[in-house]
Amino acid sequence: MLAGRAKVNTMTDPKARAVIALDSQVLVLNRLWQPVNTCTARRAVTLVFLGHAHIVHRDEEKNYSTHDAYSWLSLAQDHHRQKAQPPCLRSARHAFVVPEIIVLTLYDRLPKTEVKFTRHNVFIRDRHTCQYCDRVFDPRDLNLDHVIPRDKGGRTTWENVVASCIRCNSRKANKLPHEARMFPRTEPRAPRWRPFHSSMRHQEARPSWLDFIEVSDGTVEISA
Ligand SMILES: [Zn+2]
């Protein structure tokens, strides 16, 4: 399958282009225009045709408009007339421009603002930076450090746990910050963002999404 695919010129083969376009990621906003997820264009198009979502279009003047399937089809015809060539799905009669952002028409649950406390999310919050020596590390070279050690009553919470490199972690051991003279660079707090599709590389975020999401350090985040 893969070998077969490799022989296809994806730039010129319309079927191959359509498959790639359908696998591209679409940003999903709730009714309050807050990002809640991403999905494939395939799923987004289905939601639009079912009437569960509208497509969000940003024109060159950065004006937003929303479209149902029919108004989006006519917009695609305009693009076609203007010889613009965004990724399109074509049938014999229609061109359907692959959406980049959709807004749900039914789903209005607020995105959860509470971030799950996990090792991975602590590292994201601390930007993979040891909170004692201020250097950036690969996740496998980072530990979780209890600012107030557990044996001195420190809890495993956002407010008491920071990313620490192995060296600083063992230097601090079970001492209190003032005993070790080691203080976190940033006061640890529960993050206000929800890690958003954290496996997504920032290259995968579309320029059109940047009004809705923040991209930093290779991860994509939502501002709360
Ligand atoms: Zn360190």
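All residue numbers for the sequence shown refer to the working numbering, where the first residue is 1 and numbers rise by one.
Note that beta-carbon positions come from the ideal geometry of N, C-alpha and C, so glycine has one too.
Taking H128 as the centre and dropping the five residues before and after it, the same chain places the C-beta of V136, F137, D138, P139, L142, A163 and D217 closer than 8 angstroms to its C-beta, in chain order.
S164 has its Cβ nearer than 7 angstroms to a heavy atom of ligand 1. Here the segment 117–131 makes no contact with the segment 59–68; the two share fewer than three CB pairs at distances below 8 angstroms.
Counting the other Cβ atoms within 10 Å of the Cβ of W209 gives 16 or more, which makes it buried. Within the model, the alpha-carbon separation for F183 versus K172 is close to 10 angstroms. Here the distance from the Cβ of R58 to the nearest heavy atom of ligand 1 is not below 7 angstroms.
Contact annotation: P188 and V161 have beta-carbon atoms nearer than 8 angstroms.
Taken in chain order, the complete alpha helix (DSSP H) segments of 4 or more residues contained in the segment 118–167 are 119–125.
Using a cutoff of 7 angstroms, the CB of R167 counts as near ligand 1, since one of the ligand's heavy atoms is closer than that. If you ignore the 5 residues before and after A180, its C-beta comes within less than 6 angstroms of the C-beta of K172, all in its own chain and listed in chain order.
Of the candidates T40, L32, F123 and K175, T40 places its Cα closest to the Cα of Q25. One alpha carbon belongs to C168, the other to E159, and they sit about 19 angstroms apart.
The beta carbon of G154 is closer than 6 angstroms to those of H146, I148 and N160 in its chain, skipping five residues each way along the sequence.
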